[in-house]
Amino acid sequence: KLKDNLKDLQLRFKKINNSKMYMIDKIYWLIEDCKRFGTYPFAGFARCGFVAINFLDSMVDQKIISNSEKELFLGSIQNIASNIQYDFLKMPKNAFLRKYGHIRPNTYNIRSLNYKSGYKFYFNKSKKINTKFKINKPFKFSPKTISQINIHIKKNQLKIKPKELIKFIEESIKFREYSKFLFSKNVDAILELVKKFSSRMKINVNDASFLEISDILDLYYSLDGSDLQTEFKKRILKRKSIFNHNLKVSLPEVITSAKNVYLFKSLPSRINFIGNNIVEGQKVLIKEKKIKNLNLDNKIILIEKADPGYDFIFSHEILGLVTKFGGVNSHMAIRCSELNIQAAIGVGEKNFLKLIKSNRIEINGKNQTLNKII
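Sequential numbering from 57 applies to the sequence shown in the working numbering.
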């Protein structure tokens with residue numbers, strides 16, 4: 057059923073996008089399709105992907121497979137994230153952008169450039185082969201491993217066969233990426249239409265980010281003849297004021313009581329280390345508003361939070377990755393595991409601020425430490 061929904065989402069996207077409908081109508085139907093055909097598969101496969109990675113981690117913990125076997129298995133799964141790297145190297149620019157141009161860092165942020173608009177900023181111009189990048193190679197668990205999996209399945213009274221479990225893990229990871237890919241096509245089209253609509257009212261992109269989607273959708277239901285430009289600019293000014301006021305409020309990573317809103321107490325974060333290597337190098341902080349002409353080769357990358365739109369960083373030969381937010385099952389954790397890139401995921405506010413002030417960083421996966429060098 058979830059796979060059928062994705063097919064419907066894809067077919068309807070083409071019809072709506074190629075239609076001569078007015079912008080407001082297109083926005084309305086793209087959102088409706090996101091709700092009806094995109095949300096359930098996206099959420100469903102995301103949950104399945106989370107469970108799948110937990111199964112693999114459990115197999116490592118139980119000594120059924122090694123960590124390297126886990127990485128080889130993940131690396132064998134052909135999905136959108138790995139295809140981007142391969143297609144970037146092999147495809148002409150126009151063909152690459154037809155397929156991936158809708159992807160953007162911070163998927164829901166109208167101020168963020170998608171790959172089509174920001175291609176020259178995001179991607180390594182030389183198209184040199186990243187030595188960390190490996191084309192998906194087939195991998196099969198040995199009969200001995202299958203037998204061990206079966207023993208644990210029976211021990212835990214699960215009604216599934218080993219090969220069915222492995223297929224579930226593989227498909228869950230694959231469709232988690234694919235559902236995001238199709239869902240984000242609708243999101244990108246909506247944001248581009250809102251930008252176009254706002255531009256007609258002489259509202260720039262930064263100001264448009266303070267509009268709520270309901271402001272646009274309300275126009276679908278009404279024939280309001282009021283001066284939209286004046287009305288929208290009033291709303292934008294009001295929301296900017298609220299936004300600036302909210303910036304003055306500091307919150308801890310975990311809120312345990314109402315007092316935490318006023319009394320900031322930073323709690324220690326549990327850093328998720330990916331890989332067992334030691335890397336040390338110059339850091340590069342990627343800021344949402346300053347992604348331009350990036351030189352990421354042989355650098356350790358710092359990002360607050362990273363969704364699949366940040367996969368462009370893997371077209372560069374990076375040394376390591378550090379994120380402020382994220383868990384062991386996050387997209388970037390999985391990507392770094394697949395590509396054998398040393399990473400520290402979800403280091404927390406305090407650690408991240410320290411690292412920003414440094415010039416060089418060491419990520420020690422062996423000792424599970426993160427150090428500021430200079």
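For every residue, glycine included, the Cβ atom is placed at its ideal position computed from N, Cα and C.
Check: Three-state secondary structure assigned by DSSP to Glu418; Outcome: strand
Check: Sequence-distant residues of its chain with Cβ nearer than 7 Å to Ile202 (five each side left out); Outcome: Pro218
Check: Status (buried if at least 16 other CB within 10 Å, exposed otherwise) for Leu377; Outcome: buried
Check: Contacts around Asp271, its chain only, beta-carbon distance under 7 Å, and the 5 residues preceding and following it disregarded; Outcome: Phe288, Arg291
Check: Those runs of the beta strand (DSSP E) which lie wholly inside the stretch 371-426 and span at least 3 residues; Outcome: 376-379, 398-401, 416-420
Check: Integer-rounded CB distance, given that Ile359 should sit under 8 Å from Thr379; Outcome: 5 Å
Check: Close beta carbons around Leu409, own chain, < 6 Å, minus the five adjacent residues each side; Outcome: none
Check: Inter-residue Cα distance where the pair is Asp363 and Ile229; Outcome: 15 Å
Check: Exposure of Arg256, with buried meaning 16 or more beta-carbon neighbours within 10 Å; Outcome: exposed
Check: Burial state of Leu319 (16 or more Cβ within 10 Å); Outcome: Since pLDDT at Leu319 reaches only 49, below the 50 mark, its modelled position is unreliable, and no value is offered.
Check: Every unbroken beta strand (DSSP E) inside the stretch 115-158 [3 residues or more]; Outcome: none
Check: Presumed contact (8 Å Cβ cut-off) between Lys193 and Gly131, rounded CB distance; Outcome: 7 Å
Check: Proximity below 8 Å, CB of Gly383 to CB of Ile159; Outcome: no
Check: Environment of Leu67 [buried if 16+ CB atoms lie within 10 Å]; Outcome: exposed
Check: Cβ-Cβ separation, Leu249 to Ile83 (assumed contact under 8 Å), whole Å; Outcome: 5 Å
Check: Member of Asn415, Asn407, Phe239, Ile412 whose CA lies at the smallest distance from the CA of Ile425; Outcome: Contrary to the premise, residue 425 reads as Thr rather than Ile in this sequence. With distances taken between Cα atoms, Thr425 lies closest to Asn407.
Check: DSSP-derived helix/strand/coil call for Ile225; Outcome: helix
Check: Anticipated Cβ contact below 8 Å, Ser414 with Gln141, distance rounded; Outcome: 29 Å between Cβ atoms; not a contact.
Check: Element boundaries [beta strand (DSSP E), containing Gly337]; Outcome: 334-341
Check: Asn162, DSSP secondary structure in three states; Outcome: coil
Check: Euclidean distance between Cα positions of Lys119 and Asp113; Outcome: 10 Å
Check: The beta strand (DSSP E) enclosing Phe329, as first and last residue numbers; Outcome: 328-330
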